[in-house]
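So in my numbering the end of the sequence shown lands on 1469, straight run, no missing numbers.
Glycine included, every Cβ here is placed at the ideal spot set by N, Cα and C.
So the structure is just underneath, and the comments pick up after that.
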Amino acid sequence: MLRCKQVSKALADKKYWELPLHQRIGLRLHVGLCVICGPFNRFVMLMQDAVRHYLQHEQSNPPPENMRLPPESKERMKANLHKVEREEEAQ
Ligand SMILES: [Zn+2]
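As structure tokens, then:
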């Protein structure tokens, strides 16, 4: 059986649907039974599912051109996110 720390790290490092089937089963089993991390990690998995459904919806129904961010805005946002990640890693 996985430990809480392993489950939380796996969910933080990757979207759980990208994990191999045997790891997803282990995560679901742990999260379903654990009274310590279960409620929080179930919520994390629910949010990951919501993101996955949103991305699928967006791919099949892309927004009109005038509703999209300009490419330079996307690049600026990505650069700022990477900067925040690097600052968090440095702490
Ligand atoms: Zn746990």
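If you check the CB distance, L1389 and M1423 come in under 8 Å. Across the structure, K1393 and H1435 are spaced so that their CA atoms are roughly 17 Å apart.
Chain-ordered, the residues whose CB falls short of 5 Å from any heavy atom of ligand 1 come out as C1382, C1412, I1414 and C1415. Contact annotation: S1386 and C1412 have beta-carbon atoms that are not nearer than 8 Å. The C-alpha of Q1384 is placed about 16 Å away from the C-alpha of W1395.
Distance from the Cα of R1420 is smallest, within the candidate group H1431, R1430, L1405 and Y1432, for L1405. The C-beta of V1409 has 16 or more other C-beta atoms within 10 Å across all chains shown, which makes the residue buried.
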